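As they're listed, the protein sequences go chains E and C. Mapping to numbering that gives the first Met the number 0: the first sequence position 45 is 44, numbers consecutive. Mapping to numbering that gives the first Met the number 0: the second sequence position 73 is 72, numbers consecutive. Ideal Cβ placement from N, Cα and C applies to all residues, glycine included. Fair warning: this is a prediction, and the values are worked out from it, not measured in the lab. The block underneath contains the structure these notes are about, expressed in structure tokens.
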Amino acid sequence: MSEIRLDHVSRWYRNVVAVNDVSMTIGPGVTGLLGPNGAGKSTLIALMSGFLAPSSGTVTLDGEPLWRNEAVYRKLGLVPEREALFDYLTGRQFVVANAELHGLPDPGAAAQRALAMIEMTDAQDRRISTYSKGMRQRVKMASALVHDPAVLLLDEPFNGMDPRQRMHLMELLRTMGAEGRTVLFSSHILEEVEQVARQIEVVVAGRHAASGDFGAIRRLMTDRPNRFVLRTSDDRALASVLLADPSVRGARLRAEGGIELEASDFGRFSEVLPRLARDHGIRLLEVSPTDESLESVFAYLVSS
Amino acid sequence: MISRTIVRLGVLSVFGRWRGALLLLLPVVLVGLAVVVRVLVGDDTGAAQNTLNAFGLTVAVPLVALLATSGLVAPEIDDGSIAYLLAKPVSRHEIVASKLLVAAGCVLLFAAVPLLVSGLVLRPADPDLALGFGLAGLVGGLAYCSLFAYLSVLTRHAIVVGLIYLLIWEGLLGGLLDGVRWLSITRWARELVDAVAGVRLVEDLPLWYAVAASVVVVLGGAWLTGRRLRGFNLTGDE
Chain E
0 MSEIRLDHVS
10 RWYRNVVAVN
20 DVSMTIGPGV
30 TGLLGPNGAG
40 KSTLIALMSG
50 FLAPSSGTVT
60 LDGEPLWRNE
70 AVYRKLGLVP
80 EREALFDYLT
90 GRQFVVANAE
100 LHGLPDPGAA
110 AQRALAMIEM
120 TDAQDRRIST
130 YSKGMRQRVK
140 MASALVHDPA
150 VLLLDEPFNG
160 MDPRQRMHLM
170 ELLRTMGAEG
180 RTVLFSSHIL
190 EEVEQVARQI
200 EVVVAGRHAA
210 SGDFGAIRRL
220 MTDRPNRFVL
230 RTSDDRALAS
240 VLLADPSVRG
250 ARLRAEGGIE
260 LEASDFGRFS
270 EVLPRLARDH
280 GIRLLEVSPT
290 DESLESVFAY
300 LVSS
Chain C
0 MISRTIVRLG
10 VLSVFGRWRG
20 ALLLLLPVVL
30 VGLAVVVRVL
40 VGDDTGAAQN
50 TLNAFGLTVA
60 VPLVALLATS
70 GLVAPEIDDG
80 SIAYLLAKPV
90 SRHEIVASKL
100 LVAAGCVLLF
110 AAVPLLVSGL
120 VLRPADPDLA
130 LGFGLAGLVG
140 GLAYCSLFAY
150 LSVLTRHAIV
160 VGLIYLLIWE
170 GLLGGLLDGV
180 RWLSITRWAR
190 ELVDAVAGVR
200 LVEDLPLWYA
210 VAASVVVVLG
220 GAWLTGRRLR
230 GFNLTGDE
């Protein structure tokens, strides 16, 4: 059972702050590191894997510092985001080399086990330069798993995978988490994270914005005020009717036609809207959310 | 201190890329040039020394070292694949030493041995000359490898910086300013030729200094490279 602990960690590049005063503990089980692109996820993973020194604060694995401490790699496996591999090797040669570098007693057997685990046995004797994006991702996984590490860090592991490979990797991560390993992966897609991770850490603009199980994070994200644009047969009448309902926080008539509306209780609003429209004989021509982008969801999390 | 895996990967990476072909080209040109000079000029001490010194020791040796070393370190840093070597419980100095061993093998194979062969082609009666240039090629090449390895971890433009260093410092300034000999790998190597073959390629440079300075650059460069790798920053595309 291993634990990565970040204690008031900041990292800046000259005058740009990439990670801002983050404290979190990653324990056994699967943890999802969720955040929009550029939020600092890769920087955090680099800090947790000993490939970046914190500008302030400490990052430790079971109490040992990660920076300038190559011994930690005995129990840590890393799957980097970048795709570059040793293209002139075959998949098997690459994984065997990784096993040898770990000083494993039987590198060949360890490599076979890792390749079987990620279903790459069929393509193991092809050169990596001929691999698809998904195959590269899996061979990277095999290289990180070859020494059976207690901690596995994966930077955007689902990028470039087809749905079947994605399902398989999710299953693999769940199994590893259930075995008591500490697994952390980053993603910018909530649905991806909540399917696998028991615990979710949300980072936005370098800050630790939220932390909790996926139920709590999901609630945070869906309970936020939702904005919609409605086009109806009688905007003014519907706006006044909707404003009387507690699920609606505000409504504004747009100059170009239509209603801009902010709902505070999305669940109730979605029931009330069609009923009120029918009761008052108003036709709904268009109901469209205006801020469904992930960035706005994250922005809300940061402000709350 | 040496990882057989890293040596194996290094050999595959040198010969698995276009650099491998370039490495092969330089010794072919060197030996070819020696044959041409021998045929046209005959068995002449001056011509032999000029060919081995001007093209062999001054151009071929540093270029072989630059191609071999930058091919072993720079591409992996550029594309981030060095992470797979670094995310291992292996001492950073062991990684550097193993890579330098491969580079040293390249220098031996593609610079020192071709110099020896060229020397024997040009002056079959004077094996000391060939031996002197072969040895100087090996020692000078090793020092260049260490220097270029350190450059590779310092800057992403190691090849360009290495070439500028060779042209400006070793070439232009080395020819203009006498004092440069104290800080010039090629001139230390020439002093070795002088000592072994009994010729005068460089004036007023003690042998002990040339040997000691070469050793310091080989060991110091390797150690600094390892130290730099210990604190290697790897981040994604963010």
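Inter-residue spacing [alpha-carbon to alpha-carbon] between residue i and residue j
i: residue 190/C; j: residue 19/C; result: 30 angstroms
i: residue 2/E; j: residue 109/E; result: 25 angstroms
i: residue 64/E; j: residue 57/E; result: 7 angstroms
i: residue 227/E; j: residue 258/E; result: 8 angstroms
i: residue 80/E; j: residue 156/E; result: 7 angstroms
i: residue 220/C; j: residue 10/C; result: 21 angstroms
i: residue 134/E; j: residue 268/E; result: 45 angstroms
i: residue 158/C; j: residue 21/C; result: 14 angstroms
i: residue 50/E; j: residue 44/C; result: 55 angstroms
i: residue 179/E; j: residue 75/E; result: 14 angstroms
i: residue 17/C; j: residue 86/E; result: 13 angstroms
i: residue 50/C; j: residue 84/C; result: 41 angstroms
i: residue 279/E; j: residue 237/E; result: 8 angstroms
i: residue 203/C; j: residue 175/C; result: 16 angstroms
i: residue 193/E; j: residue 218/E; result: 12 angstroms
i: residue 106/C; j: residue 72/C; result: 16 angstroms
i: residue 35/C; j: residue 29/C; result: 10 angstroms
i: residue 38/C; j: residue 48/C; result: 15 angstroms
i: residue 205/C; j: residue 96/E; result: 45 angstroms
Nonlocal neighbours in the same chain, by C-beta distance under 8 angstroms from residue i, ignoring five residues either side
i: residue 197/E; result: 28, 29, 30, 176, 212 and 213
i: residue 56/C; result: 114, 132, 135, 136, 139, 185, 188, 189 and 192
i: residue 127/C; result: 195, 196 and 197
i: residue 256/E; result: 230 and 234
i: residue 124/C; result: 42
i: residue 89/E; result: 123, 124, 125, 126 and 127
i: residue 68/E; result: 49
i: residue 65/C; result: 143, 147, 158, 161, 162 and 165
Member of the options whose CA lies at the smallest distance from the CA of residue i
i: residue 24/C; options: 9/C, 201/C and 67/C; result: 67/C
i: residue 48/E; options: 170/E, 204/E, 143/E and 90/E; result: 143/E
i: residue 101/E; options: 52/E, 166/E, 37/E and 73/E; result: 73/E
i: residue 53/E; options: 191/E, 154/E, 12/E and 285/E; result: 12/E
i: residue 0/E; options: 238/E, 278/E, 182/E and 269/E; result: 182/E
i: residue 200/C; options: 53/C, 207/C, 118/C and 102/C; result: 53/C
i: residue 117/C; options: 106/C, 32/C, 73/C and 179/C; result: 32/C
i: residue 24/E; options: 263/E, 238/E, 209/E and 253/E; result: 209/E
i: residue 101/C; options: 6/C, 165/C, 58/C and 145/C; result: 6/C
i: residue 40/E; options: 261/E, 114/E, 9/E and 94/E; result: 9/E
i: residue 203/E; options: 15/E, 38/E and 7/E; result: 38/E
i: residue 82/E; options: 288/E, 153/E and 91/E; result: 153/E
Beta-carbon proximity list for residue i, same chain, < 6 angstroms, skipping 5 on both sides
i: residue 59/E; result: 4
i: residue 306/E; result: Chain E is shown only over 0 to 303; residue 306/E falls outside these bounds and no answer can be derived.
i: residue 75/C; result: 81
i: residue 117/E; result: 137, 140 and 141
i: residue 60/C; result: 110, 136, 139 and 140
i: residue 142/C; result: 184, 213, 216 and 217
i: residue 305/E; result: Within the shown structure, residues of chain E are numbered from 0 to 303, placing residue 305/E beyond reach of any answer.
Neighbourhood of residue i by C-beta, 7 angstroms cutoff - its chain only, sequence neighbours within 5 removed
i: residue 237/C; result: A caution first: residue 237/C carries a pLDDT of 36, below 50, which makes its placement in the model unreliable, though a value can still be read off. Here the set comprises nothing.
i: residue 243/E; result: none
i: residue 195/E; result: 29, 31, 169, 172 and 173
i: residue 4/C; result: none
i: residue 93/E; result: 84, 85, 127, 138 and 142
i: residue 167/E; result: 118
With 16 other Cβ atoms within 10 Å as the buried cut-off, status of residue i
i: residue 217/C; result: buried
i: residue 22/E; result: exposed
i: residue 124/E; result: exposed
i: residue 132/E; result: exposed
i: residue 232/E; result: exposed
i: residue 241/C; result: For residue 241/C there is no data in the structure shown, the boundaries of chain C being 0 and 237.
i: residue 148/E; result: buried
i: residue 71/E; result: buried
i: residue 18/E; result: buried
i: residue 119/E; result: buried
i: residue 216/E; result: buried
i: residue 129/E; result: exposed
i: residue 160/E; result: buried
i: residue 55/E; result: exposed
Contact test: residue i Cβ vs the ligand MG heavy atom, cutoff 6 angstroms
i: residue 133/E; result: The model on display carries no ligand, and the ligand MG is accordingly not part of it.
Three-pair Cβ contact test at 8 angstroms for the segment 166 to 181 of chain C versus the segment 147 to 156 of chain C: No contact exists between the segment 166 to 181 of chain C and the segment 147 to 156 of chain C.
Cβ contact check for the segment 32 to 41 of chain E and the segment 180 to 190 of chain E: 3 or more pairs under 8 angstroms: Between the segment 32 to 41 of chain E and the segment 180 to 190 of chain E there are three or more inter-stretch CB-CB distances shorter than 8 angstroms, so the stretches are counted as touching.
Three CB pairs or more closer than 8 angstroms across the segment 214 to 230 of chain C and the segment 84 to 94 of chain C: A contact exists between the segment 214 to 230 of chain C and the segment 84 to 94 of chain C.
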